[in-house]
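Here the structure comes first, spelled out in structure tokens, and everything after it is commentary.
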Amino acid sequence: MSLAAPTHGFLSPTGVEIAFLLVGLVTFGAALVSVTTRQLVHAALWLVVTLGGLAVEYLLLTAEFIAWVQVLIYVGSVVVLLLFGLMLTKAPIGRSPDADSGNRWAALTVAVAAAAALVWVVVDAFRATWIDLDGAAAGSTKVTGESLFQHWVLPFEALSVLLLAALVGAIVLSRKAKADAAGPEVPGARDGQAAAERAEGAR
Amino acid sequence: MHLVYPVVLSALLFCTGLYGVLARRNAILVLMSVELMLNAVNLNLVAFDVWLSKAAAETLHSGQALTLFTIAIAAAEIGIGLAIVLAVHRNRGTSDIDRLRDTAEGPESDGPDSGAPAAEKAEATT
Numbered sequence: 001m002s003l004a005a006p007t008h009g010f011l012s013p014t015g016v017e018i019a020f021l022l023v024g025l026v027t028f029g030a031a032l033v034s035v036t037t038r039q040l041v042h043a044a045l046w047l048v049v050t051l052g053g054l055a056v057e058y059l060l061l062t063a064e065f066i067a068w069v070q071v072l073i074y075v076g077s078v079v080v081l082l083l084f085g086l087m088l089t090k091a092p093i094g095r096s097p098d099a100d101s102g103n104r105w106a107a108l109t110v111a112v113a114a115a116a117a118l119v120w121v122v123v124d125a126f127r128a129t130w131i132d133l134d135g136a137a138a139g140s141t142k143v144t145g146e147s148l149f150q151h152w153v154l155p156f157e158a159l160s161v162l163l164l165a166a167l168v169g170a171i172v173l174s175r176k177a178k179a180d181a182a183g184p185e186v187p188g189a190r191d192g193q194a195a196a197e198r199a200e201g202a203r
Numbered sequence: 001m002h003l004v005y006p007v008v009l010s011a012l013l014f015c016t017g018l019y020g021v022l023a024r025r026n027a028i029l030v031l032m033s034v035e036l037m038l039n040a041v042n043l044n045l046v047a048f049d050v051w052l053s054k055a056a057a058e059t060l061h062s063g064q065a066l067t068l069f070t071i072a073i074a075a076a077e078i079g080i081g082l083a084i085v086l087a088v089h090r091n092r093g094t095s096d097i098d099r100l101r102d103t104a105e106g107p108e109s110d111g112p113d114s115g116a117p118a119a120e121k122a123e124a125t126t
């Protein structure tokens, strides 16, 4: 069962496997730093390293369209949104001692147990399986576009409706932000609301 | 490439995100950890799609299509989530999820924490 084909071996990894392993180590390390650092802005910046490393992993898996979508959407916009959120909620720039809650040891236990179980199960299940990366790329833009617009048109259109709903929802949630913007602190909320009502009346 | 490499990396990233979701206090850091978990799932989908597109005959490239859908849904989720976090921060002055205990049940609801948030809530709803 082990070493199924003579061309594959555990002790002679190919160059793609070595590159995948190195980038994977960087990605995993950046993810660990991102969830454990006490500086909130640094957490977002380490998240950039993690997402960029994942884009490189997609490229190594020959899924190039997914890789560039990952770079565009995650590294380009999601991280910028997260940084905006951190700054709009007045996150402290330096070290914040209460970044982790009190149940971090329980969380660590759960995460380590889940990691051990998952890694054991998937290694046991797929230890004799190899991905064939030769030949045409499995995820080039042509292949992905053809499958997306031949077989997945209906989910694609439904997704556009979902994005529209999310857009409208975010605008609705943020309009209240504008009405209360005069009173950022809680004691001034009533004044801010009154000012907003006056503004509404004047309009 | 051995399939175990991407799958193990995906499992480890998922558990890192799980730890972040459970251990972090700031709501935005929790959202970051959720993004990590979604990315781990994406890596799994891409790896299995690349494997099956060569091993099986016709797979509709479902893994990569689902990855694109997951990325779009994650983008929508992060937008809505950040809007909610900003609204909570505006009303409460904090984005610390340990202090948002209005709907908490049990003996903690009578603790010393319950007075101030109730007053804040009453003030915020007037």
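Those sequence lines, one after another, are chains C and Y. The first sequence begins at 1 in UniProt numbering and counts up by one. The second sequence begins at 1 in UniProt numbering and counts up by one. Ideal Cβ placement from N, Cα and C applies to all residues, glycine included.
Check, Outcome
"Three-way DSSP call (helix, strand, coil) for Asn26 of chain Y in this model", "strand"
"Trp130 of chain C in three-state terms, based on DSSP", "strand"
"For Val41 of chain Y and Val123 of chain C, believed in contact at Cβ under 8 Å, the rounded distance", "Not really, about 18 Å apart at Cβ, beyond 8 Å."
"Residue-level contact to chain C via CB, Ala103 of chain Y, 8 Å cutoff", "In the sequence as displayed, the identity of residue 103 of chain Y is Thr instead of Ala. It does not; no Cβ of chain C falls within 8 Å."
"Short CB-CB distance (under 8 Å) between Met37 of chain Y and chain C", "no"
"Whole-angstrom distance between Thr14 of chain C and Ala27 of chain Y, CA atom to CA atom", "42 Å"
"is_contact[Trp68 of chain C, chain Y] using C-beta, thresh 8 Å", "no"
"Inter-stretch contact at 8 Å, needing at least 3 Cβ pairs: the stretch 105–122 of chain C / the stretch 68–78 of chain C", "no"
"Straight-line Cα distance separating Ala128 of chain C from Thr103 of chain Y", "49 Å"
"Check: Ile80 of chain Y C-beta below 7 Å from any heavy atom of the ligand MG", "Ligands are entirely absent from the displayed structure, and the ligand MG is therefore not among its contents."
"Anticipated Cβ contact below 8 Å, Met1 of chain Y with Val69 of chain C, distance rounded", "Not a contact, Cβ separation roughly 21 Å."
"C-alpha distance - Glu64 of chain C paired with Ser140 of chain C, whole-angstrom precision", "6 Å"
"Proximal residues of chain Y, C-beta to C-beta of Ile73 of chain C below 9 Å", "Ile71, Ala72, Ala74 and Ala75"
"Beta-carbon spacing of Ile80 of chain Y, Ala170 of chain C below 8 Å", "yes"
"Reduced DSSP category for Asp49 of chain Y - H, G, I as helix; E, B as strand; rest coil", "helix"
"Counterpart residues of His2 of chain Y in DSSP-defined beta bridges", "C:Trp130"
"is_contact[Leu13 of chain Y, chain C] using C-beta, thresh 8 Å", "yes"
"Cβ neighbours of Pro97 of chain C in the same chain (closer than 8 Å, five flanking residues each side left out)", "Arg38"
"Cβ distance (whole Å) where Thr67 of chain Y is taken to contact Leu36 of chain Y below 8 Å", "Not quite, the Cβ-Cβ distance comes to about 15 Å (not below 8 Å), so this is no contact."
"Terminal residues of the alpha helix (DSSP H) in which Trp68 of chain C lies", "Glu64 to Val69"
"Separation of Val153 of chain C from Val143 of chain C, as counted between CA atoms", "14 Å"
"The stretch 45–57 of chain C / the stretch 55–66 of chain Y touching (three or more Cβ pairs under 8 Å)", "no"
"CB contact below 8 Å: Glu64 of chain C versus chain Y", "no"
"Contact under 8 Å by Cβ, Ala44 of chain C with Leu83 of chain C", "yes"
"Where Gln193 of chain C falls: helix, strand or coil (DSSP)", "Here Gln193 of chain C scores only 44 on pLDDT, less than 50, and its place in the model should not be relied on; the value that follows carries that caveat. Here Gln193 of chain C sits in helix by DSSP."
"Between the CA atoms of Leu82 of chain Y and Leu81 of chain C - distance to the nearest angstrom", "8 Å"
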